[in-house]
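Numbering (this note's numbering), first residue to last: 44 to 157.
A short worksheet on the structure shown next.
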Ligand SMILES: [Zn+2]
């Protein structure tokens with residue numbers, strides 16, 4: 044990845060822009076960087092989240108960093124779980140970067156149609 048520093052910087056800015064409140068549940072978050080990677084992640088830790096999920100029709104309609112929001116760890120993970128549950132298998136395969144043999148061409152065709 045390599046852009047982690049930039050991302051952290053952006054997250055800190057979003058945290059300030061949202062006055063430290065989570066974009067989804069609006070609760071006060073712990074500032075980014077409060078967790079140093081040891082032990083359990085605090086549920087209210089400020090994390091990087093996407094305004095539009097990867098497969099949403101809204102994707103690409105928001106400019107620049109407004110596609111990203113600061114969200115608490117709890118909401119971030121809840122959203123991920125919800126998305127995984129609703130995502131068709133084909134999309135998960137695509138996400139994994141290694142679709143089963145034979146599916147690959149279908150995916151490419153699908154992408155061109157979008
Ligand atoms: Zn939240």
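We put the beta carbon where it would ideally sit given N, CA and C, even for glycine.
Because the structure is a prediction, the values reported are computed rather than measured.
Distance, Cα to Cα, residue i vs residue j?
i, j, result
"residue 64", "residue 111", "14 Å"
"residue 58", "residue 123", "20 Å"
"residue 70", "residue 134", "32 Å"
"residue 129", "residue 137", "15 Å"
"residue 53", "residue 75", "10 Å"
"residue 89", "residue 132", "30 Å"
"residue 67", "residue 81", "26 Å"
"residue 50", "residue 127", "24 Å"
"residue 117", "residue 79", "17 Å"
"residue 47", "residue 91", "11 Å"
"residue 73", "residue 93", "18 Å"
"residue 121", "residue 61", "20 Å"
Whose C-alpha, out of the options, is nearest the C-alpha of residue i?
i, options, result
"residue 114", "86, 79 and 78", "86"
"residue 77", "55, 120 and 61", "55"
What span of residues does the alpha helix (DSSP H) with residue i cover, start to end?
i, result
"residue 69", "Note, residue 69: premise wrong, no alpha helix (DSSP H); not H, not E."
May I ask which residues mark the beginning and end of the beta strand (DSSP E) holding residue i?
i, result
"residue 62", "Element bounds for residue 62: n/a, residue is neither H nor E."
Looking only at DSSP bridge pairs, what is residue i linked to?
i, result
"residue 112", "92"
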